[in-house]
């Protein structure tokens, strides 16, 4: 027995070594990524005015300048505030409803096969096509944008959560029930944690989806929001400002992703990662 | 399909009973019935004189797979049965630590299952069942099956040490004849499906036992030959290897 445990300690050390190696790998990857970005910006700058008209393509420096200008003027923040509100509200509403509906459906197993085709139909409906309807129903305020964003988020979270709940091991549930778990305890201590990697993935991939919903709403009809800003700029052929607007959306997605990654690290600490997984 | 027929088994309180037989003979079904996970189509399962209906929470069940909760640390995995039965946090931590120490896992309390080896996960799986002292019957379904030969012997030894003097009844399914002899007081030999109990044999080797040298124990050869004879007939009739 003692020898077995000694062997395990060696193994633990092995895991730590693997982690260090993985960190070095990540730095190398980051280096290449920065290089690629620089290459992209350089070829953009070079092509602008030589290959394509500067009017259409703009260039990195002009974009940075435009970004800086709308930032200083307060224009960006004014519009971003609306887009952010719509995106976050839509995201939270869509995710909450998606999660709650999946949990509800999983409690009534007989209902799932009945509902499935309807859910898939609704999922398959291009949400973009709903945008004009939403405007008719809810006007040009933030409500239709929030709803569009929520629609983009809802189905993905709903279907992923349901799929995650479907992967729960029946044997694990049996074992825990023999230990005296009530149905509620089974749900909280086994079903939900089992499904959590699916839920987190859904929450991650729906971040840009929520933003798309909000922007589409703003494209179609609005007098504020980054979508409106981009639309208005493009009608003036202010390409640099269009790119600056897109850049600000990118930053929003990156920020939301970082926030979710922090949540994920806490939530899924237990999940085997490639570099620490047992061989 | 009928898995079992005319199975009449009376388990003595505090004994270590092994169930052995050809694959698919319904040994595991017996355990599932005792745990209340499968209801017999006909007949009765009694635990301490009371019929088992619905899930039997007065038993502990060690399954073939370790079935640890991947999102819980070693310590939290061992605590779960006590947690579900409402034992306070400090008390259950203390008990879990004690049991982990008994199988040499002190220092691994904060590891997640994927960071442990197969043998360690097996130890955790056994200990998290034994830690709940309110259950007096432990069901084990080939718990040591997938382990390598050495780890298996070590775990047999640890298991006997944990069980010895605990007064708890163990019903242990295995397909390994030597393992059955090393561990048990009695061995029930199952016939091919639909499973019936063909023989019920007393092992009669003194305790405490040395699992590492069980072959040399007085009486080993006799019981081994007797059970091998019982099993050989079943295997010939079924033309299939022992297993499952």
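Chains as they are written, first to last, in the working numbering: chain S, 1 to 279; chain P, 280 to 523. All residues carry an ideal CB built from backbone N, CA and C; glycine is no exception.
- Annotation note: the segment 15-102 of chain S contains the following uninterrupted alpha helix (DSSP H) runs of length 4 or greater, listed N- to C-terminal: 54-57, 60-73.
- Under the three-state reduction of DSSP, residue 301 of chain P is assigned to strand.
- Within chain S, no C-beta atom comes nearer than 9 Å to that of residue 354 of chain P; the closest sits roughly 13 Å away.
- Counted as a single uninterrupted DSSP element, the beta strand (DSSP E) harbouring residue 420 of chain P occupies residues 416-420.
- Restricting attention to beta strand (DSSP E) runs no shorter than 3 residues, the segment 372-423 of chain P encloses them at 416-420, ordered along the chain.
- Residue state for residue 178 of chain S is assigned as helix, using DSSP reduced to three classes.
- A direct Cα-Cα distance of roughly 11 Å separates residue 38 of chain S from residue 31 of chain S.
- Look at residue 487 of chain P: its C-beta is not under 8 Å from any C-beta on chain S.
- Distances from the CA of residue 455 of chain P to each of P:285, P:286, P:297 were compared; the closest alpha carbon is that of P:297.
- Around the beta carbon of residue 53 of chain S, a 10 Å sphere encloses fewer than 16 other beta carbons of the protein chains shown; the residue is thus reported as exposed.
- For residue 306 of chain P, the enclosing alpha helix (DSSP H) has its first and last residue at 306-313.
- Taking a C-beta distance under 8 Å as the contact criterion, residue 231 of chain S and residue 219 of chain S qualify as a contact pair.
- Only residues of its own chain outside the window of five on either side were considered, and among them 152, 153, 156 have a CB closer than 7 Å to the CB of residue 209 of chain S, listed in chain order.
- Ranking P:493, P:431, P:479 by CA distance to the CA of residue 291 of chain P puts P:479 first.
- Taking a C-beta distance under 8 Å as the contact criterion, residue 507 of chain P and residue 193 of chain S do not qualify as a contact pair.
- Residue 473 of chain P places its beta carbon less than 8 Å from that of residue 305 of chain P.
- Measuring C-alpha to C-alpha distances from residue 320 of chain P to each of P:420, P:490, P:284, P:489 identifies P:284 as the nearest.
- CA-to-CA, the gap between residue 162 of chain S and residue 342 of chain P works out to about 27 Å.
- For the segment 11-28 of chain S, the set of positions with a beta-carbon nearer than 8 Å to some beta-carbon of chain P reads 11, 12, 15 in chain order.
- When S:199, S:17, S:96 are compared, the shortest CA-CA separation from residue 149 of chain S is found for S:96.
- Contacts with chain S at 8 Å (Cβ-Cβ) do not include residue 282 of chain P.
- Under the Cβ criterion (8 Å, minimum of three pairs), the segment 403-410 of chain P does not count as touching the segment 11-31 of chain S.
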